[in-house]
Every structure is written in C-alpha cells, then in structure tokens.
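Enquirer:
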Amino acid sequence: MRQITQIMVGMTALALCCMPGCVSSEKSTKVEAQYNKYCFACHGTGAAGAPKSGDSLAWKPRLAKGKTTLLESVTKGMVGMPPKGRCQECTPDDLRALIDKMAD
Numbered sequence: 000m001r002q003i004t005q006i007m008v009g010m011t012a013l014a015l016c017c018m019p020g021c022v023s024s025e026k027s028t029k030v031e032a033q034y035n036k037y038c039f040a041c042h043g044t045g046a047a048g049a050p051k052s053g054d055s056l057a058w059k060p061r062l063a064k065g066k067t068t069l070l071e072s073v074t075k076g077m078v079g080m081p082p083k084g085r086c087q088e089c090t091p092d093d094l095r096a097l098i099d100k101m102a103d
C-alpha cells in the first residue's frame, strides 16, 4: 500500500508540473543562478542605466517592442550590455526566462 501511495504522489507531482504555467524547480533554480551570475550586477542595481528587475515602468517600453525584438537586442548586446549579458552558455530559452524574471 505504501508503494502505491508513493507512486500516486509522484504521478500527481508530475501531472502538476506538466500543467501550463508550471515552472520546474530545476529550471527556476537555473534561471536564478544565471540571473545572480550575469544579470544582477546591473539589473539588480540599475547600474549603467539598466532597467531594474521588477521595475514595471522601466520594462514597459522595452516589452512594448515585443519579446522577439527584446530577445534580439539581448542576444546582440545593446548600449552598455555585452551580447547575452556575457552569458555565452545561455540559450534563447534561457534568455527569455531571464527577461521574464526581470520584467515581472
């Protein structure tokens, strides 16, 4: 009976993480580590005019251009930000997740 209960709990957790909008803890941990390593110095403090994380007013004009355009700018670099914010191992999906984290 105990084994069946463990299987059911595992299946429930798996089903919940497959629901739209669910972010796995592994992915969120990766995004958090990348943010802390590559983004925080500027986006956590506003250094060099970077829009601060969570500042919806600062992010609004950037997001208005569309996430595709914003991703292009991040990938190529812009103003004082080097290409990919120096996160060369970041994939386009990683960069999208980082943008989402900062723009929320």
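Residue 94 in numbering that gives the first Met the number 0 sits at position 95 of the sequence shown, with consecutive numbering throughout.
Ideal Cβ placement from N, Cα and C applies to all residues, glycine included.
1) Run the CB neighbour count on glutamine 33, radius 10 Å, all protein chains shown included, and call it buried at 16 or more, exposed below.
2) Find out if the Cβ-Cβ distance for the pair methionine 77, cysteine 38 is shorter than 9 Å.
3) Please work out which residues of its chain come closer than 7 Å, Cβ to Cβ, to lysine 75, disregarding the five sequence neighbours upstream and downstream, and give them in chain order.
4) Taking the beta carbon of leucine 13 as the centre, do at least 16 other beta carbons fall within 10 Å, making it buried, or is it exposed?
5) Arginine 95 and leucine 62: beta carbons closer than 9 Å?
6) Do glycine 65 and aspartate 54 come within 9 Å of each other at the CB atom, strictly closer than that value?
Expert: Taking the geometry as given:
1) Stepping through the sequence shown from its first residue, residue 33 is reached at position 34. Result: buried.
2) Sequence index remark: in the sequence shown, residue 77 carries index 78 (1-based). Sequence index remark: in the sequence shown, residue 38 carries index 39 (1-based). No; because the gap between Cβ atoms is not below 9 Å, this pair is not in contact.
3) What you label residue 75 is simply residue 76 of the sequence shown in a count that begins at 1. So the qualifying residues of the chain are Pro82.
4) Numbered from 1 along the sequence shown, position 14 holds the residue referred to as residue 13. Note that leucine 13 scores 44 on pLDDT, short of 50, meaning its location in the model is unreliable and no value can be drawn from it.
5) One-based indexing of the sequence shown puts residue 95 at position 96. One-based indexing of the sequence shown puts residue 62 at position 63. Going by C-beta atoms, arginine 95 is not nearer than 9 Å to leucine 62.
6) Counting from 1 along the sequence shown, the entry for residue 54 is found at position 55. Counting from 1 along the sequence shown, the entry for residue 65 is found at position 66. No, they are not a contact pair.
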